[in-house]
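Visitor: In case it helps, mature numbering (1 follows the signal peptide of the UniProt record, and there is no 0) puts the sequence shown at residues -29 to -1, 1 to 197.
A virtual CB, placed ideally from N, CA and C, is assigned to each residue, including glycine.
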Amino acid sequence: MPSRKKTAMFASAFLVCACSFVMICVVLATQHWMSSKVHFSSNSSVTVSLTYGLFSGTCEQFVEAGLQVSESTFQVADKLRNTKAKSTLVAIIVILVLSLLSSLLSSGFTGTNAISNPYQTFLGPIGVYTWNSLCGIFILIAMILFPVNVEGNSLSVELARGCFSFLQMHTTSTHTYGYSYWIMLLIILLNIASIIIIYFYEHARYSKKKEQERPIENAPKDVILF
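(1) Bridge partners of Gly98, per DSSP?
(2) Indicate whether Phe117 and Ile63 have their beta-carbon atoms separated by less than 8 Å.
(3) Any heavy atom of the ligand NAP within a distance shorter than 7 Å of the CB on Ile154?
(4) Consider the Cβ of Tyr148: report whether some Cβ of chain C lies at a distance smaller than 8 Å.
(5) Helix, strand or coil for Ser20 per DSSP?
(6) Give the range of the alpha helix (DSSP H) segment to which Phe80 is assigned.
(7) I'd like the list of long-range same chain contacts for Arg132, defined as Cβ closer than 7 Å, with 5 residues on each side in sequence excluded.
(8) Quick one: measure Cβ to Cβ for Lys55 and Ala48, integer angstroms, because I've assumed they're closer than 8 Å.
(9) Within 10 angstroms of the Cβ of Tyr170, are there 16 or more other Cβ atoms? Answer buried if so, exposed if not.
(10) Which one or two residues does DSSP pair with Tyr148 in a beta bridge?
(11) Applying the 10 Å Cβ sphere with the 16-neighbour rule, what's the burial state of Met140?
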């Protein structure tokens, strides 16, 4: 059975990993990744307001006077004609699914170490370091790819044209990243926190082991002389 200290440390890391897992589920499930206002000019000025995530979103059309003309919901993949934008979106989803699996494995490893002493080295702290690091890296890549898709592949413009096919010349756009996007920053911090917890446990165990290997150096002088 593991010591009380090990149980407490790994149980804390397990809770952090579990929170990370839940947050990734929230990121995938919610549609508040991006809010955009996309402006077009034709016979009159038209503004399309979009709020969307990885799978679905809502769009509203406004004319010059700010009067709302129409509102609808949409599936993101169905509205994209740009191959690059669609491919990047699929890549982001795949990467987040991989991060979800990494977070699940990390939770399993920390939970296992909280109640037992695994014989295999990789099932111990090394495994926790590995899966937490991979999860953080996947999340970071997703955080980079999404702005690239919005700015480089004109994701919001493509979605606006998909919602309202009559739109002509695009003029300007404004983008605001929503809470679904910024939660990923919290997930990275949670992964770092889990690694730090296990590192402190490993450091304390290593220091204690070194002290036990060198008892004479810490013994009183009169004992050594005797």
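Guide: Inspection of the coordinates gives the following:
(1) One-based indexing of the sequence shown puts residue 98 at position 127. Residue pairing by DSSP places Gly98 opposite no residue, since no beta bridge is assigned to it.
(2) Residue mapping note: residue 117 aligns to position 146 of the sequence shown, counting from 1. Residue mapping note: residue 63 aligns to position 92 of the sequence shown, counting from 1. It is a contact, given that the beta carbons lie within the stated cut-off.
(3) Annotation note on the ligand NAP: not contained in the displayed structure, which lists no ligands.
(4) In the displayed structure, chain C is absent; only one protein chain is listed.
(5) Position 49 of the sequence shown, counting from 1, holds the residue named residue 20. The answer is strand: DSSP assigns Ser20 an E or B state.
(6) Residue mapping note: residue 80 aligns to position 109 of the sequence shown, counting from 1. It spans Thr54 to Ile86 - the alpha helix (DSSP H) in which Phe80 sits, taken as one unbroken run.
(7) By 1-based counting over the sequence shown, the position of residue 132 is 161. Non-local beta-carbon contacts of Arg132 in its own chain, meaning distances under 7 Å to residues more than five positions away in sequence, involve Leu138 in chain order.
(8) Taking the first residue of the sequence shown as position 1, residue 55 is located at position 84. Taking the first residue of the sequence shown as position 1, residue 48 is located at position 77. Not confirmed; about 14 Å, so no contact.
(9) Stepping through the sequence shown from its first residue, residue 170 is reached at position 199. By the neighbour-count rule (16 or more Cβ atoms within 10 Å), Tyr170 is not buried but exposed.
(10) Counting from 1 along the sequence shown, the entry for residue 148 is found at position 177. Answer is Met5, bridged to Tyr148.
(11) Here residue 140 corresponds to residue number 169 of the sequence shown, with the count starting at 1. The residue in question, Met140, is exposed, as its Cβ has fewer than 16 Cβ neighbours within 10 Å.
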